[in-house]
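The structure under discussion appears below in the form of structure tokens.
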Amino acid sequence: MFPGIRSRPLWTGGNGAKAQVLEMDPGSCREGLDVHAPGPEEVFVVSGTFHDGDRAHPAGTFLHAPAGSRYVPQSENGCTLFVFSPEG
Numbered sequence: 039m040f041p042g043i044r045s046r047p048l049w050t051g052g053n054g055a056k057a058q059v060l061e062m063d064p065g066s067c068r069e070g071l072d073v074h075a076p077g078p079e080e081v082f083v084v085s086g087t088f089h090d091g092d093r094a095h096p097a098g099t100f101l102h103a104p105a106g107s108r109y110v111p112q113s114e115n116g117c118t119l120f121v122f123s124p125e126g
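Under our numbering, the first residue of the sequence shown is numbered 39, with each subsequent residue one higher.
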């Protein structure tokens with residue numbers, strides 16, 4: 039993926055849907071925009087604080103990113119996310 043960011047696949051469906059755990063080390067940041075296509079993305083912050091480039095989201099936060107939305111995933115102190123992409 040990107041330095042300090044690891045993906046652990048949990049499940050992949052026949053239609054391309056997927057579930058994964060995303061681990062972000064302290065100070066990690068995705069290079070460029072993360073654009074949600076072809077469909078939405080659901081994110082649950084398991085631990086730490088996730089920052090989308092605009093707002094900080096602490097552990098326990100659920101985020102819905104509609105298809106076509108975009109943000110810059112980053113974490114100042116590190117975080118673990120559960121990510122579900124129903125359309126891949």
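Glycine included, C-beta positions come from ideal geometry on N, C-alpha and C.
Given the structure is predicted, the values throughout are model-derived calculations rather than measurements.
Check, Outcome
"Complete runs of the beta strand (DSSP E) confined to the segment 57-118 [at least 3 residues]", "79-89, 94-96, 100-103"
"CB contact flag (CYS117, GLY86, <7 Å)", "yes"
"Straight-line gap, GLY52 to PRO78 (C-alpha atoms, nearest Å)", "17 Å"
"Terminal residues of the beta strand (DSSP E) in which PRO124 lies", "Per DSSP, PRO124 belongs to no beta strand (DSSP E) and is neither H nor E."
"Span separating the alpha-carbon of ALA75 from that of ALA97", "25 Å"
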